[in-house]
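Beneath this line is the structure, given in structure tokens, with notes to follow.
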Amino acid sequence: MKKIIIYFVLFTVILSGCEKIYLPKIENRENIIVADARIINGHDENYIKLYKSLGFNDPKSIYPAVEGAAVSIIDSNNKVYQIPEESNGNFRVDFQLNPGLEYKIKIDYGGDSYESTFESVLEPPELDSIYGIQEVQVVREGGENSVNDFRYKVGVQLYADIQNKNELQHYRFSARKTYQYTFPVEVMQMGELVIETMFAWKTVYPQGAYNIAAPPEYSSSVDIKKHPLFFIERSAGVTLEQLFSGWIIFLHQYSLSKSTYDFYNDLNNQLDADGRLFDPLYVQARNNLTCTNNPEQIILGNFEITSTVERRYYIRYISDELGYMIKPINHFYDIPVEGEQITVPPDFWEPK
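Spelled out as structure tokens, the structure:
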């Protein structure tokens, strides 16, 4: 959610050679409703979350929940679904969408009524191919002013080719990266110390802008070629006694409407401006929510209906000559974010 509320990021700049903290004079946007209303078609449960914005210089890092709002979803047949509030600002959507209908959200709060445009139920996306190219990424660790403070990451950049055979042309990608490693442990067996292997795994998530894809803007082709997905490091940060055993990559592809794609693209444009003091930090992202009784009343966020598919891959560096193994995983085990298992590897362990 923190990325969605990019408008209210805590921003402090320390001037070079001075310990005084600079707090820019920017118009306060406090107590504006922020709607995180993303519904994934086919999921048994979805949650709509309502927050209040903070002032630009507000030191708090937790956005307060909206209390006492009423949320409903209305289909194109004018059937109204009242969405129950499970806790302050959290509303559970527990009914299945009809792909033949369109839906909009309605939020009533503080005497104001907010509605979205109608959104279609998009079909699940299709991904033609995933491939990797060995690359080196340059990471600046010290900020804009640390010109010489670079770190180099060696790994494989994943790319996707997408042939748009139907009306779907806009997508978003997310990923989970779980790395496997082993290390020796001493255990007591029948009064003697023996060495056993501990199989362990941990998870990291890609950071940065939203990964969205669309056909080239000035092209007659609707196909998407060589879209960059995620960078996979050659090895994870394991200790000397630990042996890295490859990555399990969870790749999620979401179908987007054109308006939702524009919303994420606007958010990315603001993320690109991070750290540049005189860039406009309060650019309004185009969303599909308006206040019906007072057009001047602002609501942030977006109402999104999407469908998704998941793919998993095992990725491991082989050699400079052979490159990387990128192996599709067909069995989707329920893998905890992290854990350990001694002697016998867990069922999901790769390679098989």
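39 is the number of the first residue of the sequence shown in our numbering; add one for each residue after it.
From the three backbone atoms N, C-alpha and C, an ideal C-beta is built for every residue, glycine too.
Whole-angstrom distance between residue j and residue i, CA atom to CA atom
| i | j | result |
| --- | --- | --- |
| Gln-201 | Phe-129 | 36 Å |
| Tyr-209 | Met-226 | 53 Å |
| Leu-297 | Asn-325 | Leu is not the amino acid found at residue 297; the sequence shown has Ser there. Roughly 7 Å between the two C-alpha positions. |
| Leu-315 | Gln-308 | Since pLDDT at Leu-315 reaches only 32, below the 50 mark, its modelled position is unreliable, and the value read off the structure follows with that caveat. If you take the alpha carbons of Leu-315 and Gln-308, they lie about 12 Å apart. |
| Trp-387 | Ile-353 | 12 Å |
| Gln-195 | Ile-380 | 32 Å |
| Ile-70 | Tyr-302 | 19 Å |
| Trp-285 | Gly-106 | 44 Å |
| Tyr-371 | Pro-333 | 48 Å |
| Val-118 | Val-375 | 38 Å |
| Glu-224 | Ile-111 | 57 Å |
| Val-382 | Phe-237 | 8 Å |
| Phe-269 | Glu-230 | 45 Å |
| Pro-163 | His-81 | 15 Å |
| Asp-15 | Trp-239 | The displayed coordinates of the chain run from 39 to 390. Any statement about residue 15 would go beyond what the structure contains. |
| Ser-91 | Val-104 | 10 Å |
| Lys-203 | Phe-133 | 30 Å |
| Lys-263 | Arg-76 | 27 Å |
| Thr-241 | Gly-377 | 10 Å |
| Glu-123 | Val-72 | 16 Å |
| Val-276 | Tyr-355 | 15 Å |
| Pro-102 | Val-232 | 53 Å |
For residue j and residue i, believed in contact at Cβ under 8 Å, the rounded distance
| i | j | result |
| --- | --- | --- |
| Gln-218 | Ser-283 | 4 Å |
| Ile-121 | Val-109 | 4 Å |
| Tyr-351 | Ile-367 | 6 Å |
| Tyr-169 | Tyr-190 | That pair is no contact at about 23 Å. |
| Glu-279 | Phe-188 | About 29 Å separates the two Cβ atoms, so there is no contact after all. |
| Gly-339 | Asp-74 | 6 Å |
| Lys-365 | Pro-384 | With 8 Å as the limit, Lys-365 and Pro-384 do not qualify as a contact, their Cβ atoms being about 17 Å apart. |
Check whether residue i and residue j have beta carbons under 8 Å apart
| i | j | result |
| --- | --- | --- |
| Glu-140 | Ser-158 | yes |
| Leu-327 | Ile-343 | no |
| Gly-127 | Tyr-152 | no |
| Leu-294 | Ala-323 | no |
| Ser-154 | Ile-143 | yes |
| Val-174 | Val-192 | yes |
| Glu-161 | Leu-206 | yes |
Residue from the options with nearest C-alpha to residue i
| i | options | result |
| --- | --- | --- |
| Ile-250 | Val-131, Asp-300, Asn-69 and Pro-374 | Asp-300 |
| Glu-348 | Ile-356, Phe-269, His-290 and Leu-360 | His-290 |
| Ser-114 | Asn-136, Ser-167 and Asp-82 | Asn-136 |
| Lys-215 | Glu-271, Ile-171, Leu-165 and Val-192 | Glu-271 |
| Asn-79 | Ser-154, Ser-345, Thr-235 and Val-72 | Ser-345 |
| Asn-331 | Glu-123, Glu-234, Gly-149 and Val-72 | Gly-149 |
| His-265 | Val-276, Gly-138 and Pro-253 | Pro-253 |
| Pro-244 | Ile-287, Glu-234, Val-232 and Asn-204 | Ile-287 |
| Tyr-147 | Glu-359, Ser-357, Lys-365 and Gln-335 | Gln-335 |
| Tyr-248 | Phe-156, Phe-211 and Gly-275 | Phe-211 |
| Gly-138 | Val-131, Phe-156 and Leu-281 | Phe-156 |
| Asp-199 | Tyr-292, Gly-361 and Leu-267 | Leu-267 |
In chain order, which continuous runs of the beta strand (DSSP E) of length 3 or greater are located wholly inside the region 105-175? 108-113, 118-121, 123-125, 128-131, 140-147 and 150-154
- Item | Contiguous beta strand (DSSP E) assignments of at least 3 residues, all confined to the region 259-344 | 262-271, 281-294, 327-329 and 337-344
Practice problem: Let me know the beta strand (DSSP E) ranges lying completely inside the region 175-258, each 3 residues or longer, listed in chain order. | Solution: 188-200, 208-227, 230-242 and 249-251
*Taking only runs that begin and end inside the region 345-385, name each unbroken beta strand (DSSP E) of 3 or more residues, in chain order.*
346-357, 361-367 and 377-380
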